[in-house]
Amino acid sequence: MAVAVERLITSDILKPGRYLGNERLAVHKPWDTTAIRWVLTYPEVYEVGASNLGHIILYNILNAQPRQLCDRAYLPGKDLAAKLRETNTPLFAVESKRSLTEFDILGFSLSYELGATNILEMLDLGGIPLTWRERQKAEEARGESPNLQSQFPLIFAGGQTATSNPEPYADFFEFFALGDGEELLPEIGLVLEEGKQARLSRENLLLDLAQIPGVYVPQFYEMAEDGSVHPRRPDVPKRILRRVATPIPAYSIGLVPYVETVHDRLTIEIRRGCTRGCRFCQPGMLTRPARDVEPDQVIEAIEQGMRATGYNEFSLLSLSCSDYLSLPAVGMEIKNRLKNENISLTLPSQRVDRFDENIANILGGTRQGGLTFAPEAGTQRMRDIVNKGLTNEELLRGVKTAWEQGWDKIKLYFMIGLPGETDVDVLGIAETVNWLQRECRGKGRKPLNFNLTISNFTPKPHTPFQWHSVSTTEFKRKQNLLRQEFRRIKGVKVNFTDVRISAMEDFVGRGDRNLGKVVRRAWELGAGMDSWYENLDQAFSAWASAIAQAGLDWKYRQVENGEWNLFHAQEQKRSADTQNPQLPTPVQTRLIASLPTPLIASLPTPHSPLPTPHSLNIPLPWDHIDTGIDKKWLQEDLQRALEAAIVPDCSFEGCSHCGVCGTDFGHNVVIESPAIPKFAGEFVPNPTKAQRLRVWFGKQGNMALISHLDLIRLFDRVVRRAGLPIAFTGGFHPMPRISVATALALGATSSGEIVDFELTVPVEVDTFREQLAREMPTDIPIYNVEQIDLKASAATQLLESAEYLITVATLAETTPIQWQNWIDIIKAKEELWYEQITKSGKSQLINLRDRLFELELVETYNSKAESISSVIRYLGSYRQDGLLLRPEQILFMLESVASVEFQLLHIHRNRLILGV
């Protein structure tokens, strides 16, 4: 049974268009013809989740499977969440509007250490018990053999954090999908379909799933005292393999939201995996080997995707786009093909040492995007320790090339708290920025500005630095050093990461199963949306209280104090160790030397053991996850870091022997670049105005919940998809010549809106109407198209009046005769004064009666809650100079003559009337 969400998704909540599920390229498969029904959820607000590339790819792949259906759900805003709880309505999937419990399987993306609280919020809103044990007990209490058709769906998680260390979240999920999901999820779907047909019990179904490489079922494993994880039964694998898949760009085309998202563009993956070997970088370690996508596939996907979506911007995605050797050739080919369509290309943070004129050419143009580099450290020594593979000369060459190609502002990422870092290295960040500014000066040019993000190093599982920690006190001290230094440097904006959240990410990210109760209690205390800074204080307080209540504050203090050994098993040994203190080993000595002096002074050796060869072999909570990288290699690479030794990129130089390449994970795939096409020139706006067309359209149904700005964006995309020859404005940011006459209130419907289009080439009116209507949503009907004189005034300048139908209710006992009397009294009056506050805050009196031309009672009827409702038609002034008669002011008139309180239920604009 579908949830009656029309009562909840209304104009009084923020951005109701988030929850409509009617995006272009959304897939609506018949419910009754599918065997397995999925919901893929992204536990963030819609604007974040709907633009996530992995979310889009897996949604498309699952819907491409026969007998499988995939819907979507997102974390609702606080306003809708409150409505759901007040009305006891379960959280729903956006397309089918069915509650989450009606589906067979519910998958969450877990890509952030503290994001699990949002998952618990969604489960709670969906009426689903939070842990697999609670769900199992609920099934058993029904007295039936549990199966997929029973009370609750199977709950699983995937994503980087789930693959890295699933243990802190093991209580909440039936299973985890580790690694790439393109091949793994369809395999899971087939097993579910067979299990559903055979009516397997929940346990037997999970046992079948556990046989799939990449599926980890935590209830079949147990945690030992030392934090390590081992199978509880012999028929599941000891270690669970991370899955690796080849990117397929065609599946990236899909879901064009009406609401503006954080990545409001087409995104195509060009390379998966990174072999640079940065020692702090978990994504680089978890996505090996590196796999290039064939350039022809990328070009075809971009060209088809831009035509299908109507976006005016696309992005090429990779952990290191510059390592995709075909980047300049692909970018230039697309730029040439779409030269006349005002399309721009953006790239994520890229390697500054590979940035050259070829890459600058594909990024430049009329809408030059931002540029981001990540030097990570301020000195050559520190960049060698982290294996960045970047010299000062390469850094300067890349930044100077960007400056010479027209960029006046560049974003740089740095990190503090890395192993072996000294104050000289910290201050080297400011010195490096100052040096880059000095080297990039020239007559007639603005000084080069920098926007810096300086984050706190957070150790991640499966990296060489997973054994390292830094105290929060040290982070604060280093941040203060840099704040003082940057006060003397102009043209630099510096952003620091909050040290509290960094420590919390470390604590949870390297935790074991004992943290499940902490995660749950943090959610109960209000921790959610932890990555959003406006809730940071509340989130930190909730997490800190949860840790204390779980009796794990001693362990959190180890993180805050920067101690290396974070495992409870060692705590029990420490008293015994004090009886037999030993001299430091050579490795210990080097590690101690790399630590800041204040921290060394505070280290009683037995009580804060540093990673000796023995302690590096202590079992870790994530050792049972087989990422392909040998733990011994990580230990060796940590020693290489202490010696500032570089490991070359194995995609382009010799093998580093990390252990990944082989049958299970494949090998690096590096594709040589084709020839770079000759640059055909930048987009030149065509100022020709050969034809102007005026279109009358409606805004009905769900589209009434799309804002005016979103509507303008929709028209731009519709024109692009239809291939209509729209004219552009001139200037630095050419915009399409599309002019909507006026805005319509959010939630109001209309059958009389007007928009003007200016074209560079004349088009038959009927052809234009047909092409436009074909690409428009069905709830935006096209009523009429007329050609008007090119010199005629715009519709927005000709507005004179507007006709509305408004639905008004009152709880007072009334009759149709009373309603008519009130209407007649208003019409008989010559003055109805209304106090209006101007934009400057001043109060002024206006006579509303002068702005009312016609008023008529259309009908009266009984509505819900014993209220009496009436539909009233009025014609009033609607001029852009401010002489407007708004629907709310009709209510004021009614209340003035009736002395009764009224409520405005609905607004419908019948027509806009233009002057001559």
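Its first residue numbered 31, the sequence shown is counted upward by one per residue in this note's numbering. Each residue gets a CB set at the ideal place from its N, CA and C atoms; glycine is no exception. Note that the structure is predicted; figures quoted are calculated from it, not measured.
Check	Outcome
Same chain, Cβ closer than 8 Å to THR339, neighbours up to 5 away in sequence not counted	ARG54, LEU55, ILE283, VAL286, LEU296, ARG747, ARG751
Own chain, CB closer than 6 Å to ILE149, minus 5 neighbours either side, in chain order	PRO73, PHE138
Secondary structure, alpha helix (DSSP H): runs of 4+ residues fully inside the segment 351-413	357-367, 387-393
Delimiting residues of the alpha helix (DSSP H) encompassing VAL529	529-539
C-beta atoms of SER499 and MET445 nearer than 8 Å	no
Rounded straight-line distance, which links the Cα of ILE43 to that of SER823	37 Å
Exposed unless 16 or more other CB atoms sit within 10 angstroms - verdict on TRP863	exposed
CA-to-CA distance, TYR354 to PRO489, given in whole angstroms	27 Å
Sufficient close CB pairs (3 or more, under 8 Å) joining the segment 448-460 to the segment 407-422	yes
HIS85 classed as buried or exposed, judged by whether at least 16 other C-beta atoms fall within 10 angstroms	buried
Residues that DSSP places opposite ASP322 in a beta bridge	ARG301
Inter-stretch contact at 8 Å, needing at least 3 Cβ pairs: the segment 798-817 / the segment 848-858	no
Rounded straight-line distance, which links the Cα of GLU865 to that of ARG879	13 Å
Rounded C-alpha distance that separates LEU426 from SER532	30 Å
Candidates GLY592, PRO807, ALA580, LEU140: closest to GLY51 by CA position	PRO807
Proximity to PRO96 [Cα-Cα], best of ILE87, ARG67, TYR104, LEU114	ARG67
Three-state secondary structure assigned by DSSP to HIS738	helix
Selection from GLU884, ASP583, ILE135 that minimises the alpha carbon distance to SER907	GLU884
Residues bridged to ASP101 [DSSP beta-bridge criterion]	VAL69
Exposure of THR276, with buried meaning 16 or more beta-carbon neighbours within 10 Å	exposed
Residue environment, ARG269, which counts as buried when at least 16 other CB atoms sit within 10 Å	exposed
Ordered list of beta strand (DSSP E) runs contained in the segment 874-923, each at least 3 residues	882-892, 898-907
Assigned exposure category for GLN910 - 16 Cβ within 10 Å defines buried	exposed
Straight-line gap, ASP62 to ALA839 (C-alpha atoms, nearest Å)	40 Å
Collapsed DSSP secondary structure at PHE133 in the structure displayed	coil
Cβ neighbour criterion (16 or more within 10 Å) applied to TRP584	exposed
Integer Cβ distance of PHE206 from PHE186, believed to fall under 8 Å	6 Å
Unbroken beta strand (DSSP E) run spanning PHE505, endpoints	PHE505 -> not in any beta strand (DSSP E); alpha helix (DSSP H) instead, spanning 502-516.
Helix, strand or coil at LEU566 according to DSSP, with G and I counted as helix	helix
Nearest-angstrom Cα separation, counted from LEU934 out to PHE570	42 Å
Pairwise C-alpha distance: ALA200 and LEU114	27 Å
contact_flag[the segment 704-717, the segment 356-370] where n(CB pairs < 8 Å) is 3 or more	yes
Collapsed DSSP secondary structure at LYS869 in the structure displayed	coil
Alpha helix (DSSP H) runs wholly inside the segment 199-263, at least 4 long, in chain order	214-228, 232-240
Reduced DSSP category for ALA839 - H, G, I as helix; E, B as strand; rest coil	strand
Cβ shell of SER141 (< 6 Å), same chain only, five flanking positions each side left out	GLY189, GLN190, THR191
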